[in-house]
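Step one of this worksheet: look at the structure below.
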Amino acid sequence: MTKGRLTAFTDGVVAIVITILVLEIRFPKEPTLTSLLAMRDVLIAYTISFIFVAVIWVTHHRVMKMTEKVDDQVIWANIFWLFWLTLCPAVTQWVGSNPGMFWPALAYVVVYTMWSFSFGILTKQVLKANENPTHGTQLLRHDHRSGLSMVINLLLIVAVFWHPTIGLFGRFIVSAIWIPSYETAAKIQARLKV
């Protein structure tokens with residue numbers, strides 16, 4: 001499989017997931033502001049999930065742009081990443097419909113943690129498949145955001161036991177880590193001496 005085909009397949013799955021995220025929203029029959037405000041938790045969960053999906057899709061695009069070749073390990077790591085992505089609409093709907101409840105919040109955080117973890121696996125497989133050092137692979141190799149994301153994700157899992165809502169809003173922190181490009185992140189890390 002070519003890199004272009006893998007990217008096109010991934011783009012299609014991401015587009016479907018974003019569509020499902022919005023289709024899970026059931027607007028009230030009553031056309032009032034009170035009715036709309038009553039579904040704020042669903043809209044908040046949707047917004048947080050949409051932002052994370054968008055940020056990580058852009059990050060996936062950046063990784064693929066730096067990739068010269070893909071092998072079977074990259075393909076399977078990408079499929080593993082997509083598996084966790086496809087669970088996002090279900091847990092988003094569950095946590096949005098049950099604000100502050102432990103099990104939906106835990107499921108939400110675990111799915112998004114596994115999605116982050118699988119992205120780290122994908123990045124490692126991309127580096128193995130592209131052993132010749134390029135500017136892009138050097139940026140990937142020295143980027144510490146996957147490790148930082150995992151630490152934050154694990155803290156969010158623990159935090160859910162204390163206060164379930166933290167799991168949902170903690171997703172903003174993980175999203176913020178991935179907004180900068182790899183070049184910008186490298187400059188920030190150099191300034192921080194990480």
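Per UniProt numbering, the sequence shown starts with residue 1, numbered consecutively.
Where is the CB? At the ideal position from N, CA and C, for every residue including glycine.
From a predicted model like this one, the values you see are computed outputs, not experimental measurements.
Using three-state DSSP, classify residue i as helix, strand or coil.
i, result
"Asn-130", "coil"
"Ser-181", "coil"
"Arg-26", "coil"
"Pro-99", "coil"
Below 8 Å on the Cβ atoms is my guess for residue i versus residue j; work out the distance and round it to an integer in Å.
i, j, result
"Arg-145", "Trp-94", "Between Trp-94 and Arg-145 the Cβ distance is about 27 Å, and since that is not below 8 Å, they are no contact."
"residue 197", "Val-110", "Here the chain has residues from 1 to 194 only, and residue 197 is not among them."
"Val-13", "Leu-82", "5 Å"
"Met-64", "Lys-128", "At roughly 15 Å, the Cβ-Cβ gap does not stay under 8 Å, so Met-64 and Lys-128 are not in contact."
"Ile-166", "Val-160", "7 Å"
Terminal residues of the continuous alpha helix (DSSP H) containing residue i?
i, result
"Asp-41", "40-66"
"Val-160", "145-162"
"Leu-23", "3-23"
"Arg-141", "135-141"
"Leu-85", "72-86"
"residue 247", "Nothing about residue 247 can be read from this structure; the chain reaches only from 1 to 194."
When the Cα of residue i is compared with those of the options, which residue comes out closest?
i, options, result
"Gly-136", "Leu-23, Thr-67, Trp-57, Thr-7", "Thr-67"
"Gly-100", "Leu-6, Ala-190, Ile-44, Ser-35", "Ile-44"
"Val-58", "Trp-84, Thr-7, Lys-29", "Thr-7"
"Ala-90", "Ala-77, Leu-106, Met-1", "Leu-106"
"Thr-113", "Val-174, Val-55, Ile-75", "Val-174"
"Phe-115", "Ile-25, Cys-88, Thr-32", "With the sequence shown as reference, residue 115 is identified as Trp, and Phe is not the correct amino acid for it. It is Cys-88."
"Arg-40", "Leu-85, Asn-98, Thr-184, Pro-104", "Asn-98"
"Asp-11", "Lys-69, Val-53, Ile-188", "Val-53"
"Trp-84", "Ile-56, His-61, Asp-72, Gly-96", "Ile-56"
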